[in-house]
DNA sequence: TTGCTTTATCGACGAATTGTTGATTACACT
DNA sequence: AGTGTAATCAACAATTCGTCGATAAAGCAA
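Structure follows, in structure tokens:
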């Protein structure tokens, strides 16, 4: 059984346990404990990096017993992954749905600005998990997540331009843009956020839409599909 | 002292040790040992993933004593990193310098085709290290490495179009393209290489040059810098 | 071939971390 | 107030880690 499957199974177990006692409310003890663990992890991540942390460190900082940790999470990777899901969920709530009025990208999409603001707000966290001693599982998860933004946006362009004949499938394009966004975010973080979220979203949008040549002030060469 | 600095210091030590005895040749025992360790690591990576591997596993597979490992590498991360440097070096040797005849990108640069071929050839390796249980330090290193390809290429466009007025600095663009390339490579690997290296290089080039809109058959909206 | 240098081996060490156990205490909800 | 769940505590065996000193083996040069 793969790690991913194990984790999702574990989540299911917890969910059913919670709903067994009370279908709506969560035991405040559990909430307190998990919050303490998440907080401790975040603090420690910023102090010594992720892989220097042991489960002992986390529970010690959270002032919980080590056995309690294993009551909630498989290991520290699991803790981080489940924590980041919560962070992402907050982002989704903040960013909201795609604004259908702006499909043609007359201006940078508000969602993208929110993403950059979100990253800026949690910069210490993202700097670590996306960095040299970061967490691959997190990056992969984030990649998937960003694709849920880029993919429907690219797909929706077809409804706006029904006559357009794409010469490249959407998957290719959305993975391209996703990778580019991740790259830009990492660069932004590693250079101590040299520009505002608005600037980043704006330039990123134009660069994606119009290509590198136009951003260099050059008319792109003619594009003859072979 | 950072991990990166420690590693580079270690490399220096080893280099000076080697050059102390014989400035050219390397002791065949060292070469044999390191090759065995690299081979064992690669085999194990494909079997059980990187983080499930212990130093014991590696030395056991390589049929060396565990203490011998620490004579050459700090830990398994160090081993992988130094191994991948060798892989990159081979790529550089294969790809060669930027072809000055093709600066304007009338066709996809030969270097890029070589990169995709190289990845395809070592697909098992890259699938693991770029994947969910991969190695962040490796990805960061690869990011730097890819930038050494993209950055000078973008910079060289200025010599070709001296009158062009860039509306976005080169760093932004090269990091964007680097991220996009990594994203596309990961997508390519995770989908079992659905296209040829030539196809990938071709589409990636056009996408970078002309932007996403043109690849969807849409004329990009006018670009008024505010 | 002989002798010097470097590398690899072996066994062992304490230290740290891991995942799990059973018994007990504290807490929350009805 | 009582029932059940969660958290605590101490302790367990098992792994792994990094390092040590002493010994054996291999390479190289005279």
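Protein chains in written order, with the working numbering: chain C, 16 to 241; chain F, 16 to 241.
Backbone N, C-alpha and C define an ideal beta-carbon position, used for all residues, glycine too.
Quick caveat: nothing in here was measured; it's all calculated off a predicted structure.
Where residue i falls: helix, strand or coil (DSSP)
i, result
"residue 74 of chain C", "helix"
"residue 233 of chain F", "coil"
"residue 181 of chain F", "coil"
"residue 68 of chain C", "coil"
"residue 79 of chain F", "coil"
"residue 56 of chain C", "helix"
"residue 139 of chain C", "helix"
"residue 200 of chain C", "helix"
"residue 161 of chain C", "helix"
"residue 114 of chain F", "coil"
"residue 209 of chain F", "coil"
"residue 148 of chain C", "coil"
"residue 124 of chain F", "coil"
"residue 15 of chain C", "Since the first and last residues shown for chain C are 16 and 241, residue 15 of chain C lies out of range."
"residue 228 of chain C", "helix"
"residue 36 of chain C", "For residue 36 of chain C, the predicted model reports a pLDDT of 33, less than 50, meaning its position is unreliable; a value from the coordinates is still stated below. It is helical."
"residue 89 of chain C", "coil"
"residue 191 of chain C", "helix"
"residue 176 of chain F", "coil"
"residue 17 of chain C", "Here residue 17 of chain C scores only 34 on pLDDT, less than 50, and its place in the model should not be relied on; the value that follows carries that caveat. Here residue 17 of chain C sits in coil by DSSP."
Cβ pair residue i, residue j closer than 9 angstroms
i, j, result
"residue 92 of chain F", "residue 152 of chain F", "yes"
"residue 228 of chain F", "residue 108 of chain C", "no"
"residue 183 of chain F", "residue 231 of chain C", "yes"
"residue 66 of chain F", "residue 189 of chain F", "no"
"residue 123 of chain F", "residue 217 of chain F", "yes"
"residue 83 of chain F", "residue 53 of chain F", "no"
"residue 103 of chain C", "residue 157 of chain C", "yes"
"residue 48 of chain C", "residue 96 of chain C", "no"
"residue 179 of chain F", "residue 233 of chain C", "yes"
"residue 129 of chain C", "residue 101 of chain C", "no"
"residue 219 of chain C", "residue 127 of chain C", "yes"
"residue 150 of chain C", "residue 154 of chain F", "no"
"residue 131 of chain F", "residue 202 of chain F", "no"
"residue 45 of chain F", "residue 87 of chain F", "yes"
- [ ] Give the residues from the region 218-237 of chain F that approach chain C closer than 8 angstroms (Cβ to any Cβ), ordered along the chain.
- [x] Within the region 218-237 of chain F, the residues whose Cβ lies closer than 8 angstroms to some Cβ of chain C are 218, 219, 221, 222, 223, 224, 225, 226, 227, 228, 229, 230, 231, 232, 233, 235 and 236, listed in chain order.
- [ ] Spell out a yes or no on whether the region 157-174 of chain C and the region 157-167 of chain F are touching, meaning 3 or more CB-CB pairs, one atom from each, closer than 8 angstroms.
- [x] no
Open item on the list: With a threshold of 8 angstroms, are at least 3 pairs of Cβ atoms found where one atom belongs to the region 129-138 of chain C and the other to the region 197-212 of chain C?
Closed with: yes
- [ ] Closer than 9 angstroms, Cβ to Cβ, to anything on chain C: give me those residues from the region 199-213 of chain F, in chain order.
- [x] Per Cβ criterion, the list reads 199, 200, 201, 202, 203, 206 and 210.
- [ ] Kindly confirm or deny that the region 193-210 of chain C and the region 196-208 of chain F touch, where touching means at least three C-beta pairs closer than 8 angstroms.
- [x] yes
- [ ] Evaluate the contact criterion for the region 137-149 of chain F versus the region 52-62 of chain F: three or more CB pairs, one atom per stretch, below 8 angstroms.
- [x] yes
- [ ] Select from the region 156-188 of chain F all residues with a C-beta closer than 9 angstroms to any C-beta belonging to chain C, and list them in chain order.
- [x] 156, 158, 169, 172, 173, 175, 176, 178, 179, 180, 181, 182, 183, 185, 186, 187 and 188
Task: Interfacial residues, the region 126-143 of chain F to chain C, with Cβ spacing under 7 angstroms - done: Those residues of the region 126-143 of chain F that come within reach of chain C (Cβ to Cβ, closer than 7 angstroms) do not exist; the list is empty.
Open item on the list: What are the residues in the region 49-80 of chain F lying within 8 angstroms of chain C by C-beta distance?
Closed with: none
Task: Under 9 angstroms (Cβ pairs) to chain C, residues found in the region 96-109 of chain F - done: none
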